[in-house]
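Comments concern the structure below.
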Amino acid sequence: MDFSKIRLFLFDMDGTLYLGNDLFPFTKPMLDEIKRQGKTYLFMTNNSSKSVNDYVKKLDRLGIPAVYDDFITSSQATADYLMANHPGLRFYVCGTESFKTELRHAGVIVCDTYSEDIEGIVMGYDTELTYQKLDDVSKLLTLKDIPYIAANPDFVCPTEYGYVPDCGSVCGMIYNATGKNPHYIGKPRPEMPLTAMARISKKDPLVCKDTTLVVGDRVYTDIACGVHAGIHSLLVLSGESTMEDVEKSDVKPEFIMRDCSELLEKIK
Ligand SMILES: [Mg+2]
-5 MDFSKIRLFL FDMDGTLYLG NDLFPFTKPM LDEIKRQGKT YLFMTNNSSK SVNDYVKKLD
55 RLGIPAVYDD FITSSQATAD YLMANHPGLR FYVCGTESFK TELRHAGVIV CDTYSEDIEG
115 IVMGYDTELT YQKLDDVSKL LTLKDIPYIA ANPDFVCPTE YGYVPDCGSV CGMIYNATGK
175 NPHYIGKPRP EMPLTAMARI SKKDPLVCKD TTLVVGDRVY TDIACGVHAG IHSLLVLSGE
235 STMEDVEKSD VKPEFIMRDC SELLEKIK
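In the working numbering, the protein residues as written are -5 to 262.
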């Protein structure tokens, strides 16, 4: 494929642009080159606990200047999905305050406490989780048949010492109590790339499925969301997935590279 036709690059972050707190040396030159050519890149994340501002600060520490609009997050995609599919409903939100702020900012009606007139439930990666919230969600799902949406399906989130339970694990607890599973939004679902394309095509009419590329280090999330969205996909081997994972996976990346330095060579 001719990589010079790509207009919108969707980058996973950890394992693709940096590893933990170490920026890869080719990341800044690659992002600069994309900008220089008048094309667009977005940073894509499933994490629905942090606000975009937390990521802006993290990238800034690594030497990558970024602003709010440089991101596509599962929180933003969830807000888009709610506004498109369930406009005007009153949602009980089990998530962090920054997640709720993001949803409100997009126009979603967010309720903090249980009440009988709640019309839907949204789950995020809730690092401020309480038992009261689990009780509220279980009660609502048991008593009512209402839309039930979750920002991201990840079971765990990596930390410096290992893993902690993420949104998908909490939804597993709710499933054990109620027998109900949510409609998930983040990777591997296609909503984030589709939300990104809809947003960027307003300023760049050349952005379409054939000119959009997702770049990531995980086959079962990054590559899968690209395949499900019908866009181009590039797996880099600088993070989690290995060639063995690719062989075992049902979902196959369109392209595989050692790291993004090869992509930089292809777009120059
Ligand atoms: Mg990654």
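Built from N, CA and C at the ideal position, the CB exists for glycine as well.
None of the values given here were measured: they were computed from a predicted structure.
State whether the segment 235 to 251 contacts the segment 21 to 38, with contact taken as three or more CB pairs (one from each stretch) at a distance under 8 Å. no
Quick test of the definition: if touching needs 3 or more C-beta pairs under 8 Å, does the segment 46 to 64 touch the segment 201 to 221? no
How is the beta strand (DSSP E) around Arg84 delimited, first residue to last? Arg84 to Cys88
Within 10 Å of its beta-carbon, does Leu257 have 16 or more other beta-carbons around it, so buried, or fewer, so exposed? buried
Do Glu154 and ligand 1 come close, with the Cβ less than 8 Å from some heavy atom? no
What number of angstroms, rounded off, separates the C-alpha of Arg1 from the C-alpha of Lys133? 46 Å
Would the segment 60 to 74 count as touching the segment 8 to 22 if we require 3 or more Cβ pairs under 8 Å? no
Which whole-angstrom value describes the C-beta separation of Asn79 and Asp148, a residue pair presumed to lie in contact below a C-beta threshold of 8 Å? Not a contact, Cβ separation roughly 22 Å.
Helix, strand or coil at Gly220 according to DSSP, with G and I counted as helix: helix
Any heavy atom of ligand 1 within less than 6 Å of residue CB: hits in chain order: Asp6, Asp8, Gly9, Thr10, Gly210, Asp211, Arg212 and Gly233
Distance between Lys203 and Lys29 (C-alpha atoms, nearest Å): 20 Å
Alpha-carbon to alpha-carbon, Leu4 and Gly210: 8 Å
How long is the line joining the alpha carbons of Lys(-1) and Cys88, rounded to whole angstroms? 41 Å
If you draw a straight line from the alpha carbon of Glu27 to that of Cys161, how long is it in whole angstroms? 36 Å
Quick one: grab the DSSP three-state call for Pro23. helix
Quick one: residues in its chain with C-beta nearer than 8 Å to the C-beta of Leu17, no 5 flanking neighbours on either side, listed in chain order? Leu11, Leu56, Gly57 and Ile58
Candidates Phe65, Ala60 and Ser163: closest to Phe37 by CA position: Phe65
Is Tyr169 helix, strand or coil when you go by DSSP? helix
Could you compute how far the alpha carbon of Tyr86 sits from the alpha carbon of Leu128? 11 Å
Would you call Ala33 buried or exposed, if buried means 16 or more other Cβ atoms sit within 10 Å of its Cβ? The sequence given here places Lys at residue 33; Ala does not occur at that position. Buried, by the Cβ-count rule.
Across which residues does DSSP place Thr114 in a beta bridge pair? Going by the sequence as given, residue 114 is Gly instead of Thr. DSSP, once it has assigned bridges, lists Phe85 as partnering Gly114.
From the DSSP output, read off the bridge partner residues of Gly233. BP columns for Gly233 are empty, so no partner.
Nearest-angstrom Cα distance between Tyr142 and Tyr125? 19 Å
Could you tell me whether the Cβ of Thr124 comes closer than 9 Å to any Cβ of chain D? Given the protein chain composition of this structure (a single chain), no chain D is represented.
Should Lys181 go down as buried or exposed, given a rule of 16 or more other Cβ atoms within 10 Å for buried? buried
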